[in-house]
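Okay, structure first, notes after.
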Amino acid sequence: MSGSDCLDVQFSAKCSLKTSDSDNKHLECVPLLLMDVKHCSAASPTLFEAFDAKVLFRTIMVHARIVGKMVPTKNNGHYKFEIDDNTSILPLFIPKKEADILELQRLRNEVFVRKSIKENTDILTALEKLLNKTRKQLDPSRIAVGNKVFVFGRPDLFRDQVGVFGFSWDIDSGCDRRMELAFKDEIIDWYMKIYKTSKR
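The following block contains the structure:
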């Protein structure tokens, strides 16, 4: 699957038009540039507004480079990153999810024990690969300065500060920039056809 095709799958799964009970149309997930995330406001506890309230949405997708990283302390349950997409720099907050990681490790140990006694090895091998992939998705400690990341989340609004709170993320590890260019093609379409704006 090409980078463009993979991104199409992500958008069709997460960036779809929904209609609320009050018939006010909102988008479930929208791709945004960071300069426009900075101007978002809260329409309700679960809905946000962009472009002077012309676009109503629940969650966002962004693509940016990690330019700063702060390791959480015992009293802080989030990793804090600085992300830059060449339009703005914003803080990105990703929870540690330590309880989920511990439970995942328990499942991995159980799979290892069952494989050692030759029990359903094909199924267990597939499960092991799935658990390993899930482990990577849960552990933001592997995100490093210089990485490019896709983030699904929401605007994080606190007093006069704006950032991004990440629900899920993926490191864009392709060296040929196919995923990055596919995202840029997609976001241009959204700005021109759905947001109906080419500049702020």
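In terms of this note's numbering, the sequence shown opens at residue 660 and continues consecutively. Every residue gets a Cβ at the ideal spot worked out from N, C-alpha and C, and that includes glycine.
Coarse secondary structure for residue i, derived from DSSP in three states
{"i": "I830", "result": "strand"}
{"i": "Y738", "result": "strand"}
{"i": "S747", "result": "coil"}
{"i": "F710", "result": "coil"}
{"i": "T718", "result": "strand"}
{"i": "L686", "result": "strand"}
{"i": "I776", "result": "coil"}
{"i": "P814", "result": "strand"}
{"i": "K843", "result": "helix"}
{"i": "R724", "result": "strand"}
{"i": "V770", "result": "helix"}
{"i": "A701", "result": "strand"}
{"i": "S681", "result": "Summary for S681: the model assigns pLDDT 44, below 50, so the residue's position carries little reliability; its value from the coordinates is reported in the next sentence. Of the three classes helix, strand and coil, the one that applies to S681 here is coil, per DSSP."}
{"i": "I853", "result": "helix"}
{"i": "K807", "result": "strand"}
{"i": "I802", "result": "coil"}
{"i": "V821", "result": "strand"}
Inter-residue spacing [alpha-carbon to alpha-carbon] between residue i and residue j
{"i": "D844", "j": "T780", "result": "43 Å"}
{"i": "D798", "j": "K713", "result": "36 Å"}
{"i": "I830", "j": "F809", "result": "6 Å"}
{"i": "M729", "j": "I776", "result": "43 Å"}
{"i": "F824", "j": "T784", "result": "34 Å"}
{"i": "E708", "j": "Y854", "result": "12 Å"}
{"i": "L706", "j": "T793", "result": "28 Å"}
{"i": "L789", "j": "N745", "result": "34 Å"}
{"i": "K852", "j": "Q820", "result": "30 Å"}
{"i": "L751", "j": "E741", "result": "6 Å"}
{"i": "H698", "j": "I847", "result": "18 Å"}
{"i": "D711", "j": "V696", "result": "12 Å"}
Distance cut-off 7 Å: residue i Cβ against heavy atoms of the ligand ATP
{"i": "V823", "result": "Looking at this structure, you won't find the ligand ATP or any other ligand, since it has none at all."}
Anticipated Cβ contact below 8 Å, residue i with residue j, distance rounded
{"i": "H722", "j": "K795", "result": "Not really, about 18 Å apart at Cβ, beyond 8 Å."}
{"i": "I826", "j": "M720", "result": "Here residue 826 is Phe; the residue named in the question, Ile, does not match the sequence. In fact, because the Cβ distance is near 10 Å, the residues do not count as touching under 8 Å."}
{"i": "V689", "j": "W849", "result": "7 Å"}
{"i": "L686", "j": "L715", "result": "7 Å"}
{"i": "V770", "j": "E787", "result": "5 Å"}
Member of the options whose CA lies at the smallest distance from the CA of residue i
{"i": "K739", "options": "S747, T746 and V726", "result": "V726"}
{"i": "R724", "options": "D819, G833, M838 and G805", "result": "G805"}
{"i": "K756", "options": "E741, R836, H737 and N745", "result": "H737"}
{"i": "R801", "options": "R717, I753, A702 and L749", "result": "I753"}
{"i": "S703", "options": "R813, Q764, W849 and I847", "result": "R813"}
{"i": "R818", "options": "M694, A701, V772 and D711", "result": "A701"}
{"i": "S747", "options": "L840, S832, R836 and G822", "result": "G822"}
{"i": "R717", "options": "D815, L761 and N768", "result": "D815"}
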